[in-house]
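Here is the structure we will look at, set down as structure tokens.
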Amino acid sequence: MSGPDAIWDVRRFEELDSTNRYLLDLARQGAPERVVVVADHQTAGKGRLGRTWEAPAGSALLMSVLFRPSLPPERLHLVTIAVALAAADATAAVAGFRPSLKWPNDLVVDDRKLAGILAEVPEPGAVVVGLGLNLTWLDPPVGLEQSAVAVNQVIGRVVDRDAVLDAVLGRLDQHYRSLSVDSERLVAAYRDACSTIGRHVRVDLGSGAFRGLAVDVTIDGHLVVDDGSVLRTVSAGDVVHVRPAGAGA
Ligand code: BT5
Numbered sequence: 419m420s421g422p423d424a425i426w427d428v429r430r431f432e433e434l435d436s437t438n439r440y441l442l443d444l445a446r447q448g449a450p451e452r453v454v455v456v457a458d459h460q461t462a463g464k465g466r467l468g469r470t471w472e473a474p475a476g477s478a479l480l481m482s483v484l485f486r487p488s489l490p491p492e493r494l495h496l497v498t499i500a501v502a503l504a505a506a507d508a509t510a511a512v513a514g515f516r517p518s519l520k521w522p523n524d525l526v527v528d529d530r531k532l533a534g535i536l537a538e539v540p541e542p543g544a545v546v547v548g549l550g551l552n553l554t555w556l557d558p559p560v561g562l563e564q565s566a567v568a569v570n571q572v573i574g575r576v577v578d579r580d581a582v583l584d585a586v587l588g589r590l591d592q593h594y595r596s597l598s599v600d601s602e603r604l605v606a607a608y609r610d611a612c613s614t615i616g617r618h619v620r621v622d623l624g625s626g627a628f629r630g631l632a633v634d635v636t637i638d639g640h641l642v643v644d645d646g647s648v649l650r651t652v653s654a655g656d657v658v659h660v661r662p663a664g665a666g667a
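Structure representation (structure tokens):
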């Protein structure tokens, strides 16, 4: 066998509640890494922090991948970074434009969200990373008209979902391998693609929020924000790109 299916165990479904939920259960039953679950439709797609992921049937690439990386827990975010880079590379290869990456986990086009990524840990040493990439919308889901975008809206034509899936898996194989041999190079590629660096941001930590200038991403994939007095390293949280204080509307 050749192509990505030789190195990924891809399992396709018409409908699941959530590809992440399904693969989390498989992981707890001992599934090996590189199992990939793809669904045409999710009835309960998950975002982070209990939020939902909306995707009309057949409109998106909805996939989850199981990894069992040799990484300490504080470096697990690097796997999400590998998936984000692979998704951006695949979009460039198949659709001809390159979305930027908004820390920690979004692919964006002009600040509109094209894709989201959800990483969940089913058991120590394992991580399931889910990707939802908007491909074909007639109309955006209600409520997302201003904040989200799909590939066909950007390029005016429809791309083939399986071509995007194959491209994601091909690039992901390279990025995931480079994680163990040269994670500095992976993070350097992420920094180049990351539109959060250099932006004024509001960081919501759950326990509180602060504003500052995003200045870097660490070798563990964490965001460094200058809050005006100190550099703060953010390992998890919600980030909003904002206008600098004092800037006009
Ligand atoms: C994410 O959460 O961005 C992670 C999304 C991961 C979805 C994939 S699909 C395959 C796999 N299986 C799952 O069950 N999930 C993963 P977060 O950063 O919390 O963003 C969620 C927010 O994005 C929502 O509250 C909405 O505001 C918005 N949103 C929902 N659907 C969207 C869409 N299709 N496109 C853009 N934004 C969306």
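Take 419 as the starting number for the sequence shown in our numbering and just add one per residue.
Each residue gets a CB set at the ideal place from its N, CA and C atoms; glycine is no exception.
Note that the structure is a prediction, hence the values are computed from the model and not measured.
Please state whether DSSP places residue i in a helix, a strand or coil.
i, result
"G468", "helix"
"A449", "coil"
"G630", "strand"
"A462", "coil"
"I535", "strand"
"G588", "helix"
"S596", "helix"
"D524", "strand"
"V643", "strand"
"V547", "strand"
"D580", "helix"
"L484", "strand"
"D675", "With the chain running from 419 to 667 in the structure shown, residue 675 is simply not present."
"A566", "strand"
"E410", "Residue 410 cannot be examined here, being either before or after the span of the chain that is shown, 419 to 667."
"A611", "helix"
Given a threshold of 16 other Cβ atoms within 10 Å of its Cβ, counted over all protein chains shown, does residue i qualify as buried or as exposed?
i, result
"P517", "buried"
"L434", "buried"
"R617", "buried"
"A513", "buried"
"P522", "buried"
"V635", "buried"
"L504", "For the record, residue 504 in the displayed sequence is Ala; it is not Leu. With 16 or more other Cβ atoms within 10 Å, it is buried."
"S436", "buried"
"G534", "buried"
"S420", "Its pLDDT being 45, under 50, S420 is placed unreliably in this model, and the value from its coordinates should be taken loosely. S420 is exposed by the Cβ-count criterion."
Expressed to the nearest angstrom, what Euclidean distance is found between the alpha-carbon atoms of residue i and residue j?
i, j, result
"L553", "D458", "12 Å"
"G669", "L525", "In the structure as shown, the chain begins at 419 and stops at 667. Residue 669 is therefore absent and cannot be evaluated."
"L679", "L597", "Past the boundaries of the shown model lies residue 679; the chain is included only from 419 to 667, so the question cannot be answered."
"R469", "G463", "9 Å"
"Q564", "V582", "24 Å"
"A445", "R452", "11 Å"
"V546", "V660", "30 Å"
"R530", "A566", "5 Å"
"R430", "S488", "27 Å"
"L532", "E472", "12 Å"
"P474", "V648", "44 Å"
"A506", "L441", "23 Å"
"V497", "V560", "31 Å"
"I615", "R466", "22 Å"
"A667", "P450", "Because the pLDDT at A667 is just 40, under 50, the model does not fix this residue reliably, and the value given afterwards should be weighed accordingly. Approximately 51 Å between the Cα atoms of the pair."
"V577", "W555", "11 Å"
"D557", "V569", "12 Å"
"G574", "G448", "43 Å"
"I637", "V428", "30 Å"
"H495", "D443", "21 Å"
"I499", "V527", "17 Å"
"A607", "P540", "28 Å"
"D610", "H593", "15 Å"
"R595", "A510", "21 Å"
"S601", "A632", "21 Å"
By Cβ distance, which residues of its chain are closer than 7 Å to residue i, with the 5 residues on each side in sequence left out?
i, result
"A478", "G550, L551, N552, L553"
"A508", "V582, A585, V586, R589"
"V622", "Per the sequence shown, the amino acid found at residue 622 is Asp instead of Val. Once the five neighbours on either side are set aside, the close Cβ partners of D622 are G655, D656."
"N438", "K464, S482, L536, E538, V546, G548"
"L519", "A502, A506, L525, Y608, A611, C612, S613"
"R493", "D638"
Near residue i, what residues of its chain come up, given a Cβ to Cβ distance below 6 Å and the 5 sequence neighbours on each side ignored?
i, result
"S544", "Reading off the sequence, residue 544 comes out as Ala, not Ser. Cβ neighbours of A544 beyond the five flanking positions: A445, R486."
"R650", "V643"
"V483", "V454, V547"
"S653", "H640"
"I425", "D591"
"V456", "R430, M481"
Got a sec? Which residues, its chain only, sit under 8 Å from residue i by beta carbon, not counting five neighbours each side?
i, result
"R620", "A627, F628, R629, V657, V658, V660"
"E432", "A457, D458, H459"
"F515", "T509, V527, V572, I573"
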